[in-house]
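Here the structure is laid out as structure tokens; the discussion comes afterwards.
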Amino acid sequence: MDDQLRSLTAEFEQLPVDPYSSGDGRYRRFGRGILLPWNGEFMWMPETVADMPDGTTAGLNDYRQGEHNPEFSGVVRHMPGLTDAIRRNSLLSRLIQFDFAQTTWTEADSCWPVHVGVHLLKLSVDKPDGRAVASPDMLHQDGEPYTFAHLIYRRDAEGGENVIAAPEHAGSRPDALAAQDILDQFVLRQPLDSYGVKDDLVSHYVAPVTVAPGAAMAERAILLIDFTPMTQRV
Numbered sequence: 385m386d387d388q389l390r391s392l393t394a395e396f397e398q399l400p401v402d403p404y405s406s407g408d409g410r411y412r413r414f415g416r417g418i419l420l421p422w423n424g425e426f427m428w429m430p431e432t433v434a435d436m437p438d439g440t441t442a443g444l445n446d447y448r449q450g451e452h453n454p455e456f457s458g459v460v461r462h463m464p465g466l467t468d469a470i471r472r473n474s475l476l477s478r479l480i481q482f483d484f485a486q487t488t489w490t491e492a493d494s495c496w497p498v499h500v501g502v503h504l505l506k507l508s509v510d511k512p513d514g515r516a517v518a519s520p521d522m523l524h525q526d527g528e529p530y531t532f533a534h535l536i537y538r539r540d541a542e543g544g545e546n547v548i549a550a551p552e553h554a555g556s557r558p559d560a561l562a563a564q565d566i567l568d569q570f571v572l573r574q575p576l577d578s579y580g581v582k583d584d585l586v587s588h589y590v591a592p593v594t595v596a597p598g599a600a601m602a603e604r605a606i607l608l609i610d611f612t613p614m615t616q617r618v
């Protein structure tokens, strides 16, 4: 899959600025799909086409976290959609299927399609004394039952440490916790280093990214894939 990883890497290198980053060094695209648990079929959902200020049109996708992200509580964020090249990338398709195979569902949930959220997220710092910050900058839960993270690349970056804690610590910063309250902490370093979380069991955090000594800039590119059952609401 080396060619497909190189293609995905090129897409991360051209990510647009996260429209909600407020100068925090975040770049992002977001897409939505549907996976049928009973046969494994996956298909992409259509995007909303919007007119942009420069007179062009672009595909957008709504991203909702309800109250789970206190920085955007109750806000529907409109994210730049995925390019055709990303949607056609066979490595991404295999990762979606691989991640889903790690999940477990009730029999009732397995009878419904599953919503698949795909985020391409890059933290980028363009000056030696700068930093790029994920949102939210605290321990949190996402709201989706399962989320998987796959590192695409890491260049001249310091920080970016992942911290896992119990769910009751959502809203706290890791440095405010006692050592015994931290369940795990680690750094993704090599392409396709990965981890997954079951959202009701843990809270999680990623530290800001800074520039390694002697470097001029730094980047950390991560692919996030989440799964939510599309059950009936009355």
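Mind the numbering: the sequence shown is residues 385 to 618 in the working numbering, read in order.
A virtual CB, placed ideally from N, CA and C, is assigned to each residue, including glycine.
For clarity, every value in this text was computed on a predicted model and none was experimentally measured.
In the structure shown, what three-state DSSP assignment does residue i receive?
i: E552; result: helix
i: M601; result: coil
i: D493; result: helix
i: P437; result: For P437, the pLDDT reaches just 47, beneath the cut-off of 50, and the residue's location in the model is therefore unreliable, although a value from the coordinates is still provided. DSSP places P437 in coil when its eight states are reduced to three.
i: K582; result: strand
i: D387; result: helix
i: P529; result: coil
i: A485; result: helix
i: A516; result: strand
i: S587; result: strand
i: A541; result: strand
i: R410; result: strand
i: T594; result: strand
i: L476; result: helix
Taking C-beta to C-beta, are residue i and residue j nearer than 9 angstroms?
i: Y411; j: S508; result: yes
i: A516; j: S391; result: no
i: L343; j: D583; result: The chain is shown from 385 up to 618; residue 343 falls before or after that span and cannot be answered.
i: A541; j: F396; result: no
i: L419; j: P575; result: no
i: L444; j: E425; result: no
i: G415; j: M427; result: no
i: H462; j: D483; result: no
i: A328; j: Q525; result: Since the first and last residues shown for the chain are 385 and 618, residue 328 lies out of range.
i: I464; j: R539; result: Residue identity check: residue 464 is Pro in the sequence provided, not Ile. Going by C-beta atoms, P464 is not nearer than 9 angstroms to R539.
Spell out the partners DSSP gives residue i in its beta bridges.
i: F570; result: N546
i: N445; result: M463
i: I606; result: L505, L535
i: G417; result: W428, V500
i: P613; result: V498
With distances taken Cα to Cα, identify the nearest neighbour of residue i among the options.
i: Q569; options: Y589, D577, D540, D584; result: Y589
i: T467; options: L399, D483, Q525; result: L399
i: A549; options: S587, D577, D559, A541; result: S587
i: Y579; options: M385, S494, V547; result: V547
i: D387; options: A485, T432, G407, S474; result: S474
i: E552; options: S406, L585, G501, G424; result: L585
i: P558; options: P592, G527, Y537, R539; result: P592
i: G527; options: R538, I536, V500; result: V500
i: Y537; options: H503, L572, E545; result: L572
i: P497; options: R472, V581, P421, I480; result: P421
i: D408; options: D446, G514, C495; result: G514
i: R471; options: C495, S494, V502, D493; result: V502
i: L479; options: K511, M429, M385; result: M385
i: G544; options: V595, S477, P512; result: V595
Per the contact definition of three or more C-beta pairs closer than 8 angstroms, is the segment 590 to 604 in contact with the segment 482 to 492? no
Could you check whether the segment 563 to 581 touches the segment 512 to 523, counting it as contact only if at least three pairs of C-beta atoms, one from each stretch, sit closer than 8 angstroms? no
Tell me, please, whether the segment 527 to 538 touches the segment 606 to 616 by the rule of three or more beta-carbon pairs shorter than 8 angstroms. yes
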